[in-house]
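Student: Residue numbers (my numbering): 566 to 839. Each residue gets a CB set at the ideal place from its N, CA and C atoms; glycine is no exception. Because the structure is a prediction, the values reported are computed rather than measured. I am attaching a structure below and will ask some questions about it afterwards.
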């Protein structure tokens, strides 16, 4: 008599297909970020660069919310991922490049095209690499300067200069023009480097902190309220250099500087995971 087959004690793993629906709340936030970028471009065309900078910072805040809202409400979808990526390209790639070009680079002629194009191309390459590396990158770090931080670095410079009491525009060959040239080029190239920038995504929310930390947060809020343009620009300058400091520290300690936690066997993607 044939014995009955032994059933496997381990339950089978059911792989749920990725949702393909369209959800209103997270995509509405993404559209809000996209509108902020469009509004920033329109304000820059009208010469209101301070308003344009604030609009880009608003887009960055909205961009940080849409993914969190989608996860909290369990409304993640493939459509939302693609929508968020396209919105980021406009808000933190095309819009900052156009705004800084209209503000300080257009009077340089064709040489002024270089940093603006390097920035927008760097944003496109950075977003494409982020999309294909999302499953293999150490979640504690970004591979290269994230595009919202790059946009905040460029917009922070414009806002800090425009906010000066004696501001009368950017003259060709002046220090704001060359500062815009250098910082835009730096931000564009930093987006495609392998330097690790801390992501602030992995931390223990339940862990207690010393009382001095709350005092420092209080002082930081006070300084930001006192002079928001310069404080924000200074913060993002420090963050823009932090990745290179971490890279140099890891190299000096003999530790691996790459933030890629695993490797893939896809030959077509071999150059993306270095």
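Can you tell me whether DSSP reads residue 603 as helix, strand or coil?
Tutor: Here the question's residue 603 lines up with position 38 in the chain shown. Here residue 603 sits in helix by DSSP.
Student: Should residue 784 go down as buried or exposed, given a rule of 16 or more other Cβ atoms within 10 Å for buried?
Tutor: Locating residue 784 in the chain shown gives position 219, counting from the first residue. So residue 784 counts as exposed.
Student: Quickly, what does DSSP pair residue 763 with across the bridge? List them, please.
Tutor: Locating residue 763 in the chain shown gives position 198, where the first residue counts as 1. DSSP, once it has assigned bridges, lists 706 as partnering residue 763.
Student: Between the segment 618-632 and the segment 723-737, are three or more C-beta pairs nearer than 8 Å?
Tutor: Yes, they touch.
Student: Hey, could you find the ends of the alpha helix (DSSP H) residue 804 is sitting in?
Tutor: Here residue 804 is taken as the residue at index 239 of the chain shown, counted from 1. Start and end: 793-818.
Student: By Cβ distance, which residues of its chain are closer than 6 Å to residue 840, with the 5 residues on each side in sequence left out?
Tutor: Summary: the structure shown does not reach residue 840, with the chain confined to residues 566 through 839, and so no result is reported for it.
Student: Just to confirm, are residue 660 and residue 742 a CB contact at a threshold of 7 Å?
Tutor: Residue mapping note: residue 660 aligns to position 95 of the chain shown, counting from 1. Residue mapping note: residue 742 aligns to position 177 of the chain shown, counting from 1. Going by C-beta atoms, residue 660 is not nearer than 7 Å to residue 742.
Student: Would you say the beta carbon of residue 704 is closer than 6 Å to some non-hydrogen atom of the ligand HEM?
Tutor: Here there are no bound small molecules, and the ligand HEM is not part of this structure.
Student: Looking at the unbroken alpha helix (DSSP H) that takes in residue 680, where does it start and where does it end?
Tutor: Within the chain shown, the letter at position 115 stands for residue 680. 678-698 is the span of the alpha helix (DSSP H), which, as asked, contains residue 680.
Student: With C-beta atoms as the reference, is residue 803 less than 7 Å away from residue 750?
Tutor: Translated into the one-based positions of the chain shown, residue 803 becomes position 238. Translated into the one-based positions of the chain shown, residue 750 becomes position 185. No, the pair does not count as a contact, with Cβ atoms beyond the cut-off.
Student: Around the Cβ of residue 676, are there at least 16 other Cβ atoms within 10 angstroms (buried) or fewer (exposed)?
Tutor: By 1-based counting over the chain shown, the position of residue 676 is 111. Burial call: exposed.
Student: Whole angstroms is fine: what's the gap from residue 592's alpha carbon to residue 612's?
Tutor: Here the question's residue 592 lines up with position 27 in the chain shown. Here the question's residue 612 lines up with position 47 in the chain shown. When rounded, the distance between both Cα atoms is 30 Å.
Student: Report back the beta-carbon spacing between residue 755 and residue 709 to the nearest angstrom; my notes put them in contact at under 8 Å.
Tutor: As a first step, residue 755 must be located in the chain shown, where it is residue number 190. As a first step, residue 709 must be located in the chain shown, where it is residue number 144. Sure, about 7 Å apart at Cβ, within 8 Å.
Student: Between residue 766 and residue 674, what straight-line distance do the alpha-carbon atoms span, to the nearest angstrom?
Tutor: Taking the first residue of the chain shown as position 1, residue 766 is located at position 201. Taking the first residue of the chain shown as position 1, residue 674 is located at position 109. Residue 766 and residue 674: Cα-Cα distance of roughly 41 Å.
Student: Assuming contact is defined by CB atoms lying nearer than 7 Å, are residue 656 and residue 598 in contact in what I supplied?
Tutor: In the chain shown, residue 656 corresponds to position 91, counting from 1. In the chain shown, residue 598 corresponds to position 33, counting from 1. Taking 7 Å as the Cβ cut-off, residue 656 and residue 598 qualify as a contacting pair.
Student: Please state the DSSP three-state secondary structure of residue 729.
Tutor: Counting from 1 along the chain shown, the entry for residue 729 is found at position 164. DSSP places residue 729 in coil when its eight states are reduced to three.
Student: What is the C-beta distance between residue 800 and residue 752, in whole angstroms, given that I count them as a contact (C-beta under 8 Å)?
Tutor: As a first step, residue 800 is located in the chain shown; it is residue number 235 there, counting from the start. As a first step, residue 752 is located in the chain shown; it is residue number 187 there, counting from the start. Between residue 752 and residue 800 the Cβ distance is about 14 Å, and since that is not below 8 Å, they are no contact.
Student: When the Cα atoms are used, what is the spatial distance from residue 763 to residue 633?
Tutor: The residue labelled residue 763 in the question sits at position 198 within the chain shown. The residue labelled residue 633 in the question sits at position 68 within the chain shown. So the alpha carbons of these two residues sit roughly 18 Å apart.
Student: What residue does the alpha helix (DSSP H) around residue 627 start on, and which one ends it?
Tutor: Translated into the one-based positions of the chain shown, residue 627 becomes position 62. 614-637 is the span of the alpha helix (DSSP H), which, as asked, contains residue 627.
Student: State the Cα-Cα distance for the pair residue 794 and residue 695, rounded to the nearest angstrom.
Tutor: To locate residue 794, count along the chain shown from 1; it is residue 229. To locate residue 695, count along the chain shown from 1; it is residue 130. Residue 794 and residue 695: Cα-Cα distance of roughly 29 Å.
Student: Look at the alpha carbon of residue 666 and the alpha carbon of residue 678, and state the distance between them as a whole number of angstroms.
Tutor: On the chain shown, residue 666 is found 101 positions in, with the first residue counted as 1. On the chain shown, residue 678 is found 113 positions in, with the first residue counted as 1. Answer to the nearest angstrom: the Cα atoms are 8 Å apart.
Student: Going along the chain, which residues of its own chain have a beta-carbon closer than 6 Å to the beta-carbon of residue 732, five neighbours each way excluded?
Tutor: Locating residue 732 in the chain shown gives position 167, where the first residue counts as 1. Within the same chain, residue 732 has no close Cβ partners at all.
Student: Any idea what DSSP makes of residue 758, helix, strand or coil?
Tutor: Sequence index remark: in the chain shown, residue 758 carries index 193 (1-based). Looking at residue 758 - three-state DSSP - the assignment turns out to be coil, as it is neither helix nor strand.
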